[in-house]
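What follows is a set of notes on a single structure, which appears directly below.
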Amino acid sequence: MSVSSEFLNKYNVSGPRYTSYPPANFFNNAFAVSDYINELEASNSQTPKDISIYIHIPFCPCRCHFCGCSTVIAQKKSIVERYIGAMKLEISNVSSHLDLNRQVTQVHWGGGTPNSIEMRFIREIMDHIRSIFTISHKAEIAMECSPAYLEFSDIDELASMGFNRLSLGIQDFREDVLKVVNRKGPKYSVKDIVEYLRVKGFRGINLDFIYGLPLQTAESFTETLKQAIEIRPDRIVTFSYAHVPWVKKAQKQLEKIGLPGPDEKMEMLVNSIAQLEEAGYISIGIDHFVLPDDDLAIAFQQKKLHRNFQGYCTLETTGQVYGFGASSIGQFWGAYAQNIKEFPQYIEAIEQTGFAIERGYKLTGEEQIIRTIVNNIMCNGVLEFEDIARQFGLTSEDIKQLVRFNPANFEGFIFDGLMTLKNSSITVLDKGFIFARNIAMALDPAYNQSENIYSKTV
Ligand SMILES: C[S@@+](CC[C@H](N)C(=O)[O-])C[C@H]1O[C@@H](n2cnc3c(N)ncnc32)[C@H](O)[C@@H]1O
Ligand code: SF4
């Protein structure tokens with residue numbers, strides 16, 4: 001599949017990324033701790049039945065100027081210790097509302113840079129989780145790591161704690177690019193790290209890249225991806241640099257150096273899709289590429305792919321997500337709940353009240369149906385109105401009314417060869433996958449085109 005830049009430009013409109021439905025900008029402060037506890041208890045009898053755990057470590061040794069994540073610069077050991085203590089308390093408190101016959105099928109550590117804290121802290125949390133929950137033998141236990149701080153002995157430790165998935169933030173292989181964005185490069189050869197991870201039994205090994213950073217050109221990004229392809233990780237993510245200096249002040253410094261223009265950025269995107277597909281990677285979404293034998297590729301082919309705030313996962317291993325740590329988000333069938341973002345306030349709230357919920361959102365029954373539709377389109381590229389109707393005990397007509405279905409809204413997508421619409425079913429075609437957000441937007445009654453609060457779809 002090759003994607004032209006005209007197409008990318010045509011469909012590059014402002015829209016939600018649908019990491020949740022409704023998107024996170026719908027979350028509000030009216031959602032209180034009592035609502036959270038109700039949702040925790042309700043989640044015991046909802047689907048998916050299994051438990052996913054998200055652990056947020058906000059700390060980073062230094063701040064990359066492009067960073068859009070929830071991070072703080074490295075803290076004293078005593079502060080990290082207090083943070084770990086607060087998370088353990090939070091895990092105990094939340095688990096007291098959960099049916100512990102349910103098993104854990106996913107543990108995801110994100111940040112920040114979780115591998116920048118001492119391994120003993122990571123072990124303390126993992127031991128605490130194991131002392132409370134039953135972890136399934138098929139569980140995916142993953143960590144997002146920066147290779148600047150990753151030792152081979154850390155990999156041994158992580159493997160001994162049960163970690164079996166790892167993602168490395170590379171961003172670019174060019175040292176000058178990393179230097180101008182204030183980022184430390186990998187301490188060891190990434191190829192050697194990936195090989196060692198394989199030896200230690202890790203699967204789904206992922207490398208993250210960003211295009212659109214200062215000094216990058218279409219040519220240089222091709223060279224960076226060439227090196228990535230030679231390493232042959234199971235997964236490659238090529239994020240489009242999200243420039244939001246009004247939220248992330250450090251990003252202003254990149255403007256002084258100069259950012260690649262929109263045409264150059266578009267060229268990087270077009271080239272990277274062609275280059276990765278040529279190298280045998282399968283595109284499972286706008287910026288995610290996987291080898292054909294990776295679990296995500298298999299789930300994608302079987303239409304069993306799932307997505308949450310932590311990224312893509314398979315329907316087999318996903319669960320309702322219980323988030324721990326500052327800024328983490330719980331993702332349940334009936335609601336979303338987010339913790340206080342600032343870590344000192346998070347620690348205080350946990351130490352004083354046991355919980356640190358700051359905002360959230362309770363989904364209506366209709367929103368639960370729309371979320372299912374949006375997820376089906378975003379992850380698996382299918383929508384069978386009959387299936388959705390059956391799942392929710394309604395008729396196809398009810399579902400169509402709910403999403404204000406109008407075949408005319410899809411004529412352009414069909415004409416451009418992005419999808420088919422037959423007998424009340426939508427199928428996203430190969431060429432349409434990277435525009436799945438646009439198709440989902442046409443099925444989302446809450447999406448308001450006049451609101452310019454979202455990043456571009458491409
Ligand atoms: C939590 S970090 C990964 C772990 C570790 N902190 C690191 O940077 O290596 C998650 C990923 O978000 C991506 N990211 C961060 N800021 C971004 C931005 N402004 N636009 C696009 N992607 C971004 C990077 O690719 C990064 O690897
Ligand atoms: S990109 Fe990663 S290492 Fe850099 S500041 Fe953000 S979270 Fe920290």
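Letter 392 of the sequence shown, counting from 1, is numbered 392 in our numbering, and no numbers are missing. Positions of the beta carbon are idealized from the N, C-alpha and C atoms, including for glycine. Since this is a predicted model, take the numbers as computed values, not measurements.
- Just so you know, the alpha carbons of T395 and Q216 end up roughly 52 Å apart.
- Under a 10 Å Cβ-count criterion, R437 is classified as buried, with 16 or more other Cβ atoms of the shown protein chains found around its own Cβ.
- W333 is positioned such that its CB atom lies no closer than 8 Å to that of T19.
- By the Cβ neighbour-count rule, T364 is exposed, with fewer than 16 other Cβ atoms within 10 Å of its own.
- The distance from the Cβ of V237 to that of N206 is about 6 Å, consistent with a contact at the 8 Å cut-off.
- Counting every other CB atom within 10 Å of its CB across the protein chains shown gives P23 a total of 16 or more, marking it as buried.
- Following the DSSP letters along the chain, one finds D127 inside the alpha helix (DSSP H) bounded by residues 119-132.
- In this structure, DSSP gives N93 a helical state, which the three-state scheme calls helix.
- For the beta strand (DSSP E) assignment, the uninterrupted runs of no fewer than 3 residues enclosed by the segment 321-359 are, from N- to C-terminal side, 329-331, 335-339.
- Between T372 and the set Q391, P292, A326, R82, the nearest pair of CA atoms involves Q391.
- Ranked by Cα distance from T224, the options V104, W109, M268, R198 are led by M268.
- Sequence-distant partners of R183 (beyond 5 residues in either direction) whose C-beta falls short of 7 Å from its own C-beta, in its chain, are C64, Q171.
- Per DSSP, G85 has no beta bridge partner at all.
- T71 has its Cβ nearer than 7 Å to a heavy atom of ligand 2.
- Spanning the alpha carbons of K200 and A408 requires a straight line of approximately 53 Å.
- C-alpha of I426 to C-alpha of I155: approximately 44 Å in a straight line.
- Here N12 is not bridged, per DSSP, to any residue.
- For F405 against M419, the beta-carbon gap comes to about 14 Å, at or over 8 Å, which does not count as contact.
- The residue among I132, P445, D294, P214 with its C-alpha nearest the C-alpha of S96 is I132.
- Distance check between I117 and each of Q331, A446, V80 places V80 closest, using alpha-carbon atoms only.
- R174 and V181 have their C-alpha atoms spaced approximately 11 Å apart.
- Between ligand 2 and T427, a heavy atom-to-CB distance of less than 7 Å is absent.
- Looking at the backbone, the Cα of F163 and that of G412 are separated by about 45 Å.
- Contact between the segment 49-64 and the segment 120-137 is present: 3 or more CB-CB pairs across the two stretches fall below 8 Å.
- Across the structure, F26 and Y361 are spaced so that their CA atoms are roughly 7 Å apart.
- Between I399 and I369, the gap from beta carbon to beta carbon is short of 8 Å.
- In the DSSP assignment, G204 falls within the beta strand (DSSP E) that extends over 203-211.
- Distance check between N423 and each of I141, V403, S327, V382 places V382 closest, using alpha-carbon atoms only.
- Around the beta carbon of I257, fewer than 16 other beta carbons sit within 10 angstroms, so the residue counts as exposed.
- If you draw a straight line from the Cα of K187 to the Cα of Q310, it is about 25 Å long.
- At a threshold of 7 Å, S396 does not count as near ligand 2, since its beta carbon sits no closer than that to any of the ligand's heavy atoms.
- When Cβ pairs closer than 8 Å are counted between the two stretches, the segment 105-117 is seen to touch the segment 136-146, the count reaching three or more.
- About 7 Å separates the Cβ atoms of Y447 and P16, confirming a contact at the 8 Å cut-off.
- About 13 Å separates the beta carbon of N339 from that of V321, a gap too long to meet the 8 Å contact definition.
- Judged by beta-carbon spacing, V177 lies beyond the 8 Å limit of G68, meaning their Cβ atoms are not closer than that value.
- Secondary structure at A436: helix, using DSSP grouped into helix, strand and coil.
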